[in-house]
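Right, one structure below, let's go through it.
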Amino acid sequence: MNEENGKDNKSFEYETNNLIRSNFNEKESVKELENIAPKPSNQLTNGLLGWYSVSSSETIKDGKLNHFTIYNEPLVLYRDREGIVRCVKDVCPHRGASFLGGEVINGQLVCPYHGARFSSQGSCTNLDRITCQHIIDSNYDNYAKSIKLFQYPCAEKEGYIYIYYTGKPLANIEDFQIKSSINSLLPDSYGFPSLEYEYEEVYVDFKADWARIIENHLDILHVFWMHGDTIPDKNVNRETITSFNQKIKRDNRQIESIYSYKTNGQEEFIRIKFVPPGRIFIYKGSPESTRYIQVLDHIPLGNNKARVIVRHYRKFLKNKFFTNLVLFSHLQRRTFYKIFTEDYLVLKTQTFNDQMGYIQKDNVKLLGEDKMVQYYWDWLQNALNKEKPWDLHPINSLTNSVHEDRGMQYPPENPNMAIKNNRKIMIKLLTRLLFPIGFILLLI
Numbered sequence: 187m188n189e190e191n192g193k194d195n196k197s198f199e200y201e202t203n204n205l206i207r208s209n210f211n212e213k214e215s216v217k218e219l220e221n222i223a224p225k226p227s228n229q230l231t232n233g234l235l236g237w238y239s240v241s242s243s244e245t246i247k248d249g250k251l252n253h254f255t256i257y258n259e260p261l262v263l264y265r266d267r268e269g270i271v272r273c274v275k276d277v278c279p280h281r282g283a284s285f286l287g288g289e290v291i292n293g294q295l296v297c298p299y300h301g302a303r304f305s306s307q308g309s310c311t312n313l314d315r316i317t318c319q320h321i322i323d324s325n326y327d328n329y330a331k332s333i334k335l336f337q338y339p340c341a342e343k344e345g346y347i348y349i350y351y352t353g354k355p356l357a358n359i360e361d362f363q364i365k366s367s368i369n370s371l372l373p374d375s376y377g378f379p380s381l382e383y384e385y386e387e388v389y390v391d392f393k394a395d396w397a398r399i400i401e402n403h404l405d406i407l408h409v410f411w412m413h414g415d416t417i418p419d420k421n422v423n424r425e426t427i428t429s430f431n432q433k434i435k436r437d438n439r440q441i442e443s444i445y446s447y448k449t450n451g452q453e454e455f456i457r458i459k460f461v462p463p464g465r466i467f468i469y470k471g472s473p474e475s476t477r478y479i480q481v482l483d484h485i486p487l488g489n490n491k492a493r494v495i496v497r498h499y500r501k502f503l504k505n506k507f508f509t510n511l512v513l514f515s516h517l518q519r520r521t522f523y524k525i526f527t528e529d530y531l532v533l534k535t536q537t538f539n540d541q542m543g544y545i546q547k548d549n550v551k552l553l554g555e556d557k558m559v560q561y562y563w564d565w566l567q568n569a570l571n572k573e574k575p576w577d578l579h580p581i582n583s584l585t586n587s588v589h590e591d592r593g594m595q596y597p598p599e600n601p602n603m604a605i606k607n608n609r610k611i612m613i614k615l616l617t618r619l620l621f622p623i624g625f626i627l628l629l630i
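With our numbering applied, the sequence shown closes on residue 630, and no number is skipped along the way.
Here you go:
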């Protein structure tokens with residue numbers, strides 16, 4: 187038994203030359219890979235149930251509610267009297283209403299239906315306001331004990347809000363048996379000193395399969411063809427598409443793929459880490475020397491619905507006055523929204539083809555550069571078979587769509603924020619141009 191555990195903790199490596207060349211012979215390459223490539227095996231400890239990053243700290247304001255879903259289950263985040271973030275099932279235990287339209291008053295969650303208030307421990311604090319004690323009589327105490335919120339454990343670290351999701355919230359948060367460490371998700375645990383970086387952050391929503399979105403973000407090579415005209419990098423475009431050496435490392439908490447140039451003395455181009463259940467790190471260059479790191483958190487909102495929190499850390503342009511002057515944040519957001527919009531049609535068609543069974547029937551091939559994707563799908567299939575998270579809160583065509591209707595708030599599915607961002611760019615550019623012109627005219 188100890189010998190087996192020792193094997194699980196080892197790091198496995200696999201190297202291959204990727205096949206992005208203008209003249210490669212596909213049949214020969216696939217045959218060669220089938221002969222030399224080791225069969226993928228699941229080395230990852232964490233599955234689909236566990237710690238998810240679901241929001242940034244600054245998004246959860248005092249006195250405000252933040253509604254979302256995971257695997258179709260409606261949840262709400264808020265801060266209690268001590269400023270601690272709480273995650274509760276979005277169902278009032280009094281009469282089953284949602285907290286949509288509710289409030290946070292003095293750190294207590296308030297239902298919009300009868301005004302029932304709940305403490306951070308989940309107990310109703312104004313039962314006399316919503317019941318008639320003389321009618322309930324001897325059952326009053328039992329009734330009072332049954333009105334409790336159901337919660338999930340929360341943690342706030344390095345500017346992120348995490349919840350420990352099991353699909354089964356509990357009335358007593360102390361009863362949770364937390365089986366996985368949050369440390370495997372933290373950027374600082376990978377030697378990445380986040381405080382040394384500035385960052386921009388966007389939220390994006392997709393009506394597509396959550397798993398396909400993760401696959402897309404593990405596939406760095408599509409960036410050259412699909413996003414080459416959008417990404418402001420002279421080395422990333424259709425004309426300079428190149429061939430890399432790829433090394434894959436696996437251990438019990440992550441899968442890592444390292445792409446190095448075949449020329450330039452094996453200089454590292456990009457590195458991708460997948461940390462289950464939904465976090466991806468992308469380093470531009472080696473972690474020791476990189477000036478740019480991207481952290482993507484993928485949240486499975488529901489069937490064909492997903493949210494991604496995208497945080498772009500940088501070691502350059504750290505002067506806030508200058509970045510505000512040149513509209514850096516707004517211009518970055520415009521680029522991000524455009525990139526995800528370019529991905530969106532592909533993601534929706536992949537989702538459709540997969541759910542229709544076409545991808546499996548047509549036996550779509552995974553080539554050498556897809557090896558990390560293959561390991562990811564291997565982990566995912568194992569986790570789905572074992573944990574079945576989509577069976578915990580199933581919906582059907584008769585299910586009321588209130589949460590689905592409200593759920594898609596961000597681009598590319600909801601373009602309103604992208605439109606507002608572009609409008610702000612135009613207004614601020616005009617302001618910056620007209621102000622000096624007006625000043626000169628006054629002097630004249």
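Heads up, the beta-carbon is just placed ideally off N, CA and C, and yes, glycines get one too.
Could you name the residues of the same chain whose beta carbon sits closer than 7 Å to that of residue i, not counting the 5 residues immediately before and after it, in chain order?
| i | result |
| --- | --- |
| residue 460 | 404, 440, 441, 466 and 562 |
| residue 372 | 343 and 344 |
| residue 601 | none |
| residue 576 | 257 |
Per DSSP, what kind of secondary structure is residue i in: helix, strand or coil?
| i | result |
| --- | --- |
| residue 506 | helix |
| residue 353 | coil |
| residue 362 | coil |
| residue 284 | coil |
| residue 476 | coil |
| residue 216 | Low per-residue confidence applies at residue 216: pLDDT is 38, beneath 50, and the placement is therefore not dependable, though the value from the model is reported in the following sentence. Residue 216 falls in the helix class under three-state DSSP. |
| residue 501 | coil |
| residue 446 | strand |
| residue 492 | strand |
| residue 341 | strand |
| residue 422 | coil |
| residue 255 | strand |
| residue 624 | helix |
| residue 295 | strand |
| residue 334 | strand |
| residue 268 | coil |
| residue 515 | helix |
| residue 404 | helix |
| residue 551 | coil |
| residue 230 | coil |
| residue 289 | strand |
| residue 277 | coil |
| residue 637 | The shown model of the chain, from 187 to 630, leaves out residue 637, and the question about it has no answer. |
| residue 629 | helix |
| residue 438 | coil |
| residue 556 | helix |
| residue 307 | coil |
Please list, in chain order, all residues of the same chain as residue i whose beta carbon is under 8 Å from its beta carbon, the five residues on each side excluded.
| i | result |
| --- | --- |
| residue 579 | 257, 258, 259 and 353 |
| residue 516 | 607, 610, 611 and 614 |
| residue 593 | 254, 255, 391, 487, 488 and 491 |
| residue 311 | 294, 303, 304 and 305 |
From this set, the options, which residue's C-alpha is nearest residue i's C-alpha?
| i | options | result |
| --- | --- | --- |
| residue 410 | 400, 421, 557 and 401 | 421 |
| residue 608 | 544, 524 and 339 | 524 |
| residue 246 | 234, 254, 265 and 284 | 265 |
| residue 298 | 307, 288 and 292 | 288 |
| residue 435 | 452, 426 and 458 | 458 |
| residue 528 | 331, 597, 506 and 496 | 597 |
| residue 619 | 583, 407, 254 and 512 | 512 |
| residue 293 | 606, 269 and 280 | 269 |
| residue 380 | 241, 497, 621 and 315 | 497 |
| residue 429 | 446, 419 and 604 | 446 |
| residue 432 | 397, 555, 285 and 565 | 555 |
| residue 586 | 280, 243 and 284 | 284 |
| residue 396 | 617, 584 and 234 | 234 |
| residue 406 | 385, 531, 455 and 375 | 455 |
| residue 368 | 236, 573, 470 and 571 | 236 |
Less than 8 Å between the beta carbons of residue i and residue j, yes or no?
| i | j | result |
| --- | --- | --- |
| residue 392 | residue 599 | yes |
| residue 537 | residue 490 | yes |
| residue 276 | residue 262 | yes |
| residue 383 | residue 479 | yes |
| residue 402 | residue 414 | no |
| residue 308 | residue 331 | no |
| residue 272 | residue 337 | yes |
| residue 494 | residue 482 | yes |
| residue 238 | residue 463 | yes |
| residue 359 | residue 240 | no |
| residue 540 | residue 398 | yes |
Excluding sequence positions up to five away, which residues of its chain have a Cβ less than 6 Å from the Cβ of residue i?
| i | result |
| --- | --- |
| residue 615 | none |
| residue 400 | 484 |
Are the C-beta atoms of residue i and some chain B residue less than 8 Å apart?
| i | result |
| --- | --- |
| residue 615 | Of the protein chains in this structure there is only one, and it is not chain B. |
Point to revise | Whole alpha helix (DSSP H) elements within the segment 365–392, 4-residue minimum | key: Unbroken alpha helix (DSSP H) runs of no fewer than 4 residues, entirely contained in the segment 365–392, are not found.
**Study point:** alpha helix (DSSP H) runs contained entirely in the segment 563–619, provided each spans 4 or more residues
**Key:** 588–593
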